[in-house]
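Step one of this worksheet: look at the structure below.
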Amino acid sequence: MKLRRRQFLRLAAGAAATPSLGRIASAQAYPIRPVHVIVGTPPGLAPDIIARLLGQRLSERLNQQFVIDNRPGAGTNMGTEAVVRAAPDGYTLLLANPANAVNATLYPSLNFNFIRDTAPVASIGGGPFVMVVNPSLPAKTIPELIAYAKANPGKINMASAGNGTTPHVFGELFKMMTGVDLVHVPYRSSYVPDLLAGQVQVAFSSTSASIELVRTGKLRALAVTGARRSDMFRDIPSMAEFVPGYEANSWYGIAAPKSTSAEIVEKLNKIINAVLADPDLKARLVGLGIDPAPATSADFGKLIAEETEKWAKVVRFSGAKPD
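In the numbering used here, the protein residues as written are 1443 to 1765.
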């Protein structure tokens, strides 16, 4: 029996709409089982703490467990690759951070391309680091440090948590923009004891890790690395006040495997933006030196692309190689 043209078109339109309706229905039901959030660092570090704070709020909002899965190794690349290879169904997510942007250039033979192989979901927030020095260093301001370093090339040691880590690249950006010669000393464990002892003299450290050491006079803060002053260090100038254009902030967000449905990405984005408005969560993040920064998934993707391009130039300048 032949179908009338109008009946045929109606059936064809319904068939074409079925996959879209299925995706929408799936997103509305999501999540129906635990969601794993991969963190590329060990438990107890800032990324892990941030992921757990967010995961707890998401579990409460969505009535489903968000499991924090620590996968340290290869400068966070092991955890990132686990997400890249996961099914794009919204049940495996990544806590993204500056390491993902830096590693795109630091590791020349990665099995993935972070921008191409992931879908940006939502921004969590970010904040500046602080440049601290041992009090024995005669420089008390950034201009004095620059002058002293140029008069004593190769005599100031700059500590970091390893090649390509945030403290390292923030310091390399400073070197690149000022032309000073600071000797990079990478550590596999904490560099703080040697910094306090004066064996290394300079470090770019997170605000939360530095604030008490600065308040008690054990370290001297010269500048925060953001474009403006920090609420945690109200009396400390920003680096940009002395080095125009300098800006280096840590940032965190959520990413998913590429091809994750737009409906699931949008649902997660809206819920994450909503929980970031919770006063208790905001206070906890600020205490870690993180200013909550809700954004669209597109804007978070733009940030990742800009950061990847920015740190590529710094990594090439530094000549850094993976540890």
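Built from N, CA and C at the ideal position, the CB exists for glycine as well.
In DSSP terms, what residue i is bridged to
i	result
Y1688	According to DSSP, Y1688 bridges with nothing at all.
M1573	F1646 and A1665
S1672	F1675
I1653	Note: I1653 sits in no beta bridge, so no partner.
I1699	Looking at the sequence shown, residue 1699 is not Ile but Pro. In DSSP, P1699 forms a bridge with T1560.
W1693	G1568
V1479	I1510 and L1535
Same chain only: Cβ atoms within 6 Å of residue i, ignoring 5 sequence neighbours per side
i	result
L1661	V1574 and L1655
H1626	M1600
N1539	P1489 and Y1694
S1631	none
D1765	G1604 and N1605
A1546	F1556 and T1750
Q1506	P1473
I1713	R1503
A1493	V1479, V1481, I1510 and L1537
Cβ-based neighbour list, residue i, same chain, cut-off 7 Å, excluding 5 preceding and 5 following
i	result
A1682	A1669, Y1688 and E1689
T1620	I1588 and V1685
S1680	A1665, V1666, G1668, A1669, R1670 and R1671
I1557	I1746, A1747 and T1750
S1760	E1614
P1736	S1565, N1715 and L1718
K1592	V1622
S1647	F1571, V1572, V1574 and P1609
V1756	V1611, E1614, L1615 and M1618
G1640	N1576 and S1578
V1634	none
Terminal residues of the beta strand (DSSP E) in which residue i lies
i	result
M1681	Looking at the DSSP string, M1681 is not in any beta strand (DSSP E), and its letter there is neither H nor E.
P1628	L1624 to P1628
Terminal residues of the alpha helix (DSSP H) in which residue i lies
i	result
I1474	It is not in any alpha helix (DSSP H) - I1474 carries neither H nor E in the DSSP assignment.
M1619	T1608 to T1620
A1639	V1634 to A1639
A1601	Careful: A1601 lies outside any alpha helix (DSSP H), inside the beta strand (DSSP E) at I1598 to S1602.
P1764	First-last for P1764: undefined, no H or E at that position.
A1591	I1584 to A1593
Within-8 Å CB hit, residue i to chain D
i	result
P1585	Reference to chain D is not applicable here, since this structure consists of a single protein chain.
Spatial neighbours of residue i in its chain, beta-carbon cut-off 8 Å, leaving aside the 5 residues before and after
i	result
I1491	L1730
Y1590	L1579, P1580, A1581 and I1598
D1733	G1567, G1568, G1569 and L1727
Y1629	A1601, S1602, A1603, G1604 and D1636
P1484	D1490, N1512 and P1514
V1525	I1480, T1534, L1535, L1536, T1560, A1697, A1698 and P1699
P1530	A1561, A1698, P1699, K1700, S1701, T1702 and S1703
L1495	L1723, R1726 and L1727
Residue i Cβ short of 7 Å to the ligand ADP heavy atom set
i	result
V1544	Ligands in the displayed structure: none, and consequently the ligand ADP is not present.
Query raised in the report: Would the segment 1543-1557 and the segment 1657-1676 be scored as touching if the rule is three or more Cβ pairs under 8 Å?
Result: no
**Report entry** Length-filtered (4 minimum) alpha helix (DSSP H) runs lying within the segment 1501-1571
**Finding:** 1519-1526, 1540-1548 and 1556-1559
Query raised in the report: Can you list the alpha helix (DSSP H) stretches of 4 or more residues lying completely in the segment 1703-1745, in chain order?
Result: 1704-1717 and 1721-1729
Query raised in the report: So, do the segment 1712-1724 and the segment 1489-1506 have three or more beta carbon pairs nearer to each other than 8 Å?
Result: yes
Query raised in the report: Quick check: the segment 1576-1593 against the segment 1512-1520, are there 3 or more CB pairs under 8 Å?
Result: no
Query raised in the report: Is the segment 1604-1613 touching the segment 1694-1713, taking contact as three or more C-beta pairs under 8 Å?
Result: no
Report task. Evaluate contact between the segment 1564-1580 and the segment 1521-1535, counting only Cβ atoms and requiring at least three cross-stretch pairs below 8 Å. Result -> no
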